[in-house]
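First the structure, in the form of structure tokens, and then the observations on it.
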Amino acid sequence: MEHALMSLPERLRNDAEQALDELGASLGRLSAAVIATTDGFEVASRAGKGLEVSKLAAMACSISALGAMVGQESEVGPHQNVIVEASEGYIVIVDIPHPSYPMILNLVADREEMLGQVLYQAKRAATRLADISLLG
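Its first residue numbered 1247, the sequence shown is counted upward by one per residue in our numbering.
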């Protein structure tokens, strides 16, 4: 069975890489930034030593799916993102609703990074990737 990563266009992979570079430049305290397919395969990543990108990608997709189910079961509407606040930092998981290739963005930020800024930059990157046209 073919997973989504196999059919992902090279242009979209390159744009994902560029998005992570821009996130790293605008958010100085990221220990990881991962874009994954909705079935948990890494598309692009930037991660510090000791972090297993494949695990981060898979877990982010599972957490996003759980967030979607919680939103549905709670009757509050579709989820937009999931934020995990931990003692040393934040994990921000945002869906990238590309019409042909939906993906997940996962950012792991230091506690000193402003959560609002991390969320804003994550949503901005997700929107830009979702809006990429692969025509022409």
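Ideal Cβ placement from N, Cα and C applies to all residues, glycine included.
- In this structure, Gly1335 places its C-beta atom within 7 angstroms of the C-beta atom of Arg1357.
- With respect to the C-alpha of Thr1283, the residue from Glu1331, Asp1377, Ser1300, Asn1327 having the closest C-alpha is Ser1300.
- Spanning the alpha carbons of Ser1379 and Ile1342 requires a straight line of approximately 14 angstroms.
- For Val1299, the enclosing alpha helix (DSSP H) covers residues 1299-1319.
- DSSP places Tyr1336 inside the beta strand (DSSP E), whose first and last residues are 1335-1342.
- In the three-state reduction of the DSSP assignment, Asp1267 falls in the helix class.
- For the options Arg1292, Ser1253, Met1315, Ile1329, the alpha carbon positioned closest to that of Tyr1366 is the one of Ile1329.
- Per DSSP, the continuous alpha helix (DSSP H) segment holding Val1364 begins and ends at 1361-1376.
- Short of 7 angstroms from the beta carbon of Arg1275, and not among the five residues preceding or following it, lie these beta carbons of its own chain, in chain order: Ala1355, Asp1356, Glu1358, Glu1359.
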